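**Q**
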Amino acid sequence: MSPHPRHRRMLTLTVRAAERVSPHFMSVTLGGADVQHLERSGYDQSGRLFFADPGNDEVVLPTGGRWMLQHTLRSGRRRPRVRSYSIRRFRPEASAFDLEISLHEEDGPPAPGTAWALAARPGETVAFLDEGYGYQPSTGARWQLLVGDESALPAILAILERSAGTLPAEVFLEVPAVEDIRHDVVTLPGTTVNWLPRQGDTKTPAKPGSLALEAVKSARLPEGPFYAWTAGEASLATGVRRHLVGERGVPRSDVSFRGYWRYGRAAL
Ligand SMILES: Cc1cc2nc3c(=O)[nH]c(=O)nc-3n(C[C@H](O)[C@H](O)[C@H](O)COP(=O)(O)OP(=O)(O)OC[C@H]3O[C@@H](n4cnc5c(N)ncnc54)[C@H](O)[C@@H]3O)c2cc1C
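Next comes the structure, spelled out in structure tokens:
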């Protein structure tokens, strides 16, 4: 599903701003001269972010394309954390772009991505490597179905903004809490955004993604050929695809899907 970027390099960037958007989201702006080397591609473009745990100043960030080798050779506190995030918004006038990081709570120490986003301060250095995109609407689609959990919120909002004027959308977006619902989403006529907050729904199953999957299964979808894009917890993405192909007869080639994370398992 993911066309790799044609040209890419490891970008060295600094945190420009970090702001709490809602109880479970931080927006982090990254910028610097290296942004000029980031080629804008698909609407759900993402990259690998390399960062240090808060308080660890021994980390050595990767500088070249052979990051995996560098990563393997570094050990202990010198090895950076690596997590994937979508580019929520480009800010070309400021040589910057925004990420939005969902904050989640575990028993025990906070997950690295959550801890980093909460502690991010202007001036901190990170590295970022473009990983391409997956959004490729099928020719002939008259509308699009976008389904995700909170990890896919940045990509879905970017897709909605960047595809405005082309394809109306039916969106199913699961978020942790009612307060995480965005009220400033501008949509095309014909687009419907179904927000699915987990908290506040007493019937909600514990596992993230289940609410969105059930909502899609029981939805009355618009008529006509469509393109589907789904991402989030792995069972959500694969479950939506299986449902569309198996029960609604959607051609496999009209469905892009990607597990962004796996329940109970840390990235890398
Ligand atoms: C292409 C791509 C684009 C992505 N874009 C974004 C994005 O824009 N914003 C974003 O927030 N995430 C995004 N993700 C998902 C993100 O990379 C993962 O959620 C990652 O695991 C977060 O790292 P962590 O350190 O917070 O948790 P980890 O250390 O990886 O995991 C620790 C524990 O938390 C659980 N966990 C991991 N992620 C979540 C979550 N989102 N909600 C609840 N529990 C979780 C794990 O199952 C594990 O039990 C993207 C992933 C991919 C592959």
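Going by the numbering used here, the first residue of the sequence shown is number 107, and it counts up by one from there.
Cβ atoms here follow ideal geometry from the backbone N, Cα and C, with glycine treated the same way.
Note that the structure is a prediction, hence the values are computed from the model and not measured.
1) Please go through the segment 238-270 and give each complete beta strand (DSSP E) segment of 3 or more residues, from N-terminal end onward.
2) Does the segment 200-220 come close enough to the segment 126-136 to have 3 or more Cβ pairs within less than 8 Å?
3) Assign residue 292 to buried or exposed, taking buried as 16 or more other Cβ atoms, counted over all protein chains shown, within 10 Å of its Cβ.
4) Should residue 262 be counted as a contact of ligand 1 given a C-beta to heavy atom distance under 7 Å?
5) Might you give, ordered along the chain, the residues of its own chain that have their beta carbon closer than 8 Å to the beta carbon of residue 162, omitting 5 neighbours on each side?
6) Please confirm whether any heavy atom of ligand 1 lies closer than 7 Å to the CB of residue 207.
7) Please say whether residue 192 and residue 150 have beta carbons closer to each other than 8 Å?
8) With C-beta atoms as the reference, is residue 189 less than 8 Å away from residue 373?
9) Would you check whether ligand 3 has a heavy atom nearer than 7 Å to the C-beta of residue 198?
10) Touch check for the segment 238-254 and the segment 318-336: three-plus C-beta pairs under 8 Å?
11) For residue 159 versus residue 187, is the C-beta distance shorter than 8 Å?
12) Using only the alpha-carbon positions, how far apart do residue 110 and residue 363 sit?
13) Under a Cβ-count criterion, where at least 16 other Cβ atoms within 10 Å of its own Cβ denotes burial, should residue 314 be classed as buried or exposed?
14) With H, G and I counted as helix, E and B as strand and the rest as coil, what does DSSP make of residue 133?
15) Check for me: the beta strand (DSSP E) holding residue 153 runs from which residue to which?
16) Assign residue 336 to buried or exposed, taking buried as 16 or more other Cβ atoms, counted over all protein chains shown, within 10 Å of its Cβ.
17) Does the segment 272-289 come close enough to the segment 317-329 to have 3 or more Cβ pairs within less than 8 Å?
18) Tell me whether the beta-carbon of residue 232 lies closer than 8 Å to the beta-carbon of residue 136.
19) Taking its Cβ as the centre, do 16 or more other Cβ atoms sit within 10 Å of residue 255, making it buried, or is it exposed?
20) Residue 120 to residue 126, Cα distance in whole Å?
**A** Once the coordinates are examined:
1) You should have 249-254.
2) Segments in contact, yes.
3) Note on residue 292: under 16 other CB atoms within 10 angstroms of its CB, so exposed under the neighbour-count rule.
4) No, ligand 1 has no heavy atom inside 7 Å of this Cβ.
5) Closer than 8 Å at Cβ, skipping near neighbours: 183.
6) Yes, since a heavy atom of ligand 1 falls inside the 7 Å radius drawn around the Cβ of residue 207.
7) Contact: yes.
8) Yes, the Cβ-Cβ distance between residue 189 and residue 373 is below 8 Å.
9) No copy of ligand 3 appears in this structure; the ligands present are ligand 1.
10) Look at the beta carbons and you see the segment 238-254 touching the segment 318-336: at least three pairs across the two are nearer than 8 Å.
11) Cβ distance < 8 Å, so residue 159 and residue 187 count as in contact.
12) Our two residues, residue 110 and residue 363, have alpha carbons roughly 16 Å apart in a direct line.
13) Result: buried.
14) It is a strand residue.
15) Segment 152-157, the beta strand (DSSP E) holding residue 153.
16) Taking all protein chains shown into account, residue 336 has 16 or more neighbouring C-beta atoms within 10 Å of its C-beta and is therefore buried.
17) The count of Cβ pairs closer than 8 Å, one atom from the segment 272-289 and one from the segment 317-329, reaches three, so the stretches are in contact.
18) In this structure, residue 136 lies closer than 8 Å to residue 232 by Cβ.
19) Of the other Cβ atoms in all chains shown, 16 or more fall within 10 Å of the Cβ of residue 255; this residue is therefore buried.
20) Roughly 18 Å between the two C-alpha positions.
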